[in-house]
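Worksheet: the structure to be examined is printed underneath.
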Amino acid sequence: MGRLAFFCALLSFILLVDGVSCSWFSRNKGDGGSANKLAVIVTTSAHRRPEVLVRLNISLSLSLKHLASTTPSVFYVFVHPEAVPVVEAGIQDKLGPAVQVVPIARIPENLVSLFDKRKYKWGGRLVYPDVSMVTWGLPELTRYFLTTHRVTPTTLWAHCDPPGWSGLFSSADNASEAELQLRGSWIDSVTPRAGGWDRQVIEGSFMLISLEMYFRPLFQRFVELCRTSGGTGQYRWNQQSVLAMAVQLFVEKDELYVGTFEYIHTQDTSKALQFWAGLPDTPWSNAALTHVGQQIQQLTASQPVTWLGASAQPCEIEHVGKGWGEHRLCQRSPAKPCVFYSFGISTDFSFDTQLAKLSECKGYCFDPTVSHDSQLGDNLLFFKTAASSLDEELNRHWDAWTSVPRFKKWQGHARISVLKMDCEGCEFAIARDVEREEPDFWQKVDQFAVEIHVPKKFMPTDEHVIELGRLFSQLELAGLHLRDAMMTSCSQEDESTGCHPMLQKVGYPCEKEQMCQNLLFAR
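FYI, in my numbering the residues of the sequence shown are 12 to 534.
This is how it looks when you write it as structure tokens:
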């Protein structure tokens, strides 16, 4: 057993109820060197059972002593976000470049659900032609299988030259002279130098397989035939070539997904721990928009009083404020002392007055378009300040503006009980500000009530749509789930501008009389 396999097994044995996997990744020169490193992925529930934390300490000590001393390594310990402080305190003496604690992230949609939704049977990272001698004899064995089992292949003939039975043979068209000499002089009499099967194989570093497909009797018979033939050893018919041939036998063209991509840790190891690292913003923003859009439709279809989100307790909705100033919140009793922020109060601050009374929290109210006394009411402070926008020209228009994370840091607030934003456009900048200034900001917010303005007047660019999707994904990752949705109309003039095509494409609700959307996200 090699050192890599041994220490993966050692960690798995010591952790018992937890998981560990090992994989290699390379560092770019810009990341401090060109040497490869071993990434050891550890999942642990050490925060739930003290004895598991002891085992984690022991396993890390052994690995750092025996593995890291000879093999450049990084240990990533994945835990529930709320358990990060406990685990970091428990292994404090080991934290550093070689041992890092990483919060487990939640995503709106994953590869498996997308794979099933689109009815794929097989997925791979890369399809490419292998060298001749690696797959030599596999087409002939496949010919025997097709004949004896009377199978009509799905896409195989398109990979043969000429297409059809006459093109199903092994070819030595790109074999080197050394390979030909190794096989013997008789190879010319049995293996043509041109045509035949194109040797397309599926790279095995990333593969998704439908279990329904994998356990089909004919599929299993073909794989077993390849194994028992001896070719898997003599000619290196590894899983890449055998499975690729099986795909060409049984998987329809539209059931195969090939997504060529570069692994982010081969480009920049500092990005490897970021959520959805290295992938374009747009697809994942679209996924988040679709996810929240579906939830909105479910909520507004039945108008429930109680909404059970993922991994959360029931939320009893209460109406706070009156008329246009009303917003909905979950009935909660926050720990004292507590604060709430309210951006966009105009002349109706009934929400803020009632919330300050109900929660006994100190309220901070913001609006650059009106003037009020700094002491707005009992336990209420007013700031003639705007929340930052994606439009820098608009930011410069105001006498004062701030990002929400920046104000929180300035005030020294550890936690925000309620964050309310109804400021006609500022909702599209907060995800950007959070990522830049305080990535764990949403972990410190209990409820987020926001009015999303979807007319193109307020979100005219692709960036606005992408940032809205980023906001939804940040909220989901932080455990703030959609609890309530109240769809109202914007002004007729605003709605006449329509909504962005990207919103329509992903199915996010933007119909007339539903373009001002009051959403509540809470734990």
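For every residue, glycine included, the Cβ atom is placed at its ideal position computed from N, Cα and C.
Just so we're clear, the structure is a prediction, and the values are computed from it rather than from any experiment.
Query                                                                                                                        : Result
Neighbour-count burial assignment, ARG339, 16 or more Cβ in a 10 Å radius                                                    : buried
Same chain, Cβ closer than 6 Å to LYS373, neighbours up to 5 away in sequence not counted                                    : VAL350 and ASN390
Sequence-distant residues of its chain with Cβ nearer than 7 Å to THR508 (five each side left out)                           : PRO466, LYS467 and LYS468
At least three beta-carbon pairs within less than 8 Å, the region 478-496 to the region 442-451                              : yes
Of the listed residues GLY355, CYS521, CYS341 and ALA298, nearest to ASP478 (C-alpha basis)                                  : Looking at the sequence itself, residue 478 is Glu, so the reference to Asp does not match. The shortest Cα separation from GLU478 among GLY355, CYS521, CYS341 and ALA298 belongs to ALA298.
Euclidean distance between Cα positions of SER428 and GLY332                                                                 : 17 Å
Nonlocal neighbours in the same chain, by C-beta distance under 6 Å from LYS130, ignoring five residues either side          : none
Residues near SER45 by beta carbon distance below 6 Å, same chain, minus five either side                                    : Here the model assigns SER45 a pLDDT of 38, short of 50, so the residue's position is not dependable and the matter cannot be decided.
VAL110 versus ASN68: straight-line alpha-carbon distance, rounded                                                            : 11 Å
Short Cβ contact (7 Å threshold) for ALA398 with PHE354                                                                      : yes
Euclidean distance between Cα positions of PRO96 and ILE356                                                                  : 36 Å
Assigned secondary structure, GLY436 (DSSP; H/G/I helix, E/B strand, else coil)                                              : coil
Endpoints, the beta strand (DSSP E) within which VAL113 is located                                                           : 110-114
Integer-rounded CB distance, given that VAL113 should sit under 8 Å from PHE89                                               : 5 Å
Beta-carbon contacts of GLU371 that lie in its chain and below 8 Å, excluding the five residues immediately before and after : LYS347, CYS349 and ASN390
Reference LEU137; option with closest CA among VAL162, LYS516, ILE213 and LEU64                                              : ILE213
Cβ shell of PRO377 (< 6 Å), same chain only, five flanking positions each side left out                                      : Here residue 377 turns out to be Phe, not Pro, going by the sequence shown. Contacts found: PHE354, PHE394 and THR396.
Residues near PHE362 in its chain [Cβ-Cβ closer than 6 Å; skip 5 each side]                                                  : VAL331, GLY332, GLY336 and HIS338
Beta carbon of LEU493 nearer than 7 Å to that of PHE532                                                                      : yes
For TRP412, the residue or residues it bridges with in DSSP                                                                  : ALA397
Beta-bridge pairing of ASP172 - partner residues as DSSP gives them                                                          : GLY207
Classification of PHE439 by the beta-carbon crowding that lies within 10 angstroms, buried from 16 upward                    : buried
Residue interval of the beta strand (DSSP E) (run including CYS376)                                                          : 373-377
Euclidean distance between Cα positions of GLY206 and CYS171                                                                 : 7 Å
LEU229, buried or exposed, once every other Cβ within 10 Å from all chains shown has been counted against 16                 : exposed
Closest residue to CYS437 among VAL51, LEU491 and ASP402 (Cα-Cα distance)                                                    : ASP402
Spatially closest choice to GLU462 from MET470, GLU435 and VAL63, by CA coordinates                                          : GLU435
Cβ pair count under 8 Å reaching 3, the region 517-524 against the region 452-460                                            : no
Of the residues PHE360, GLY241, THR380 and MET498, the one placed nearest GLN538, counting alpha carbons only                : The chain is shown from 12 up to 534; residue 538 falls before or after that span and cannot be answered.
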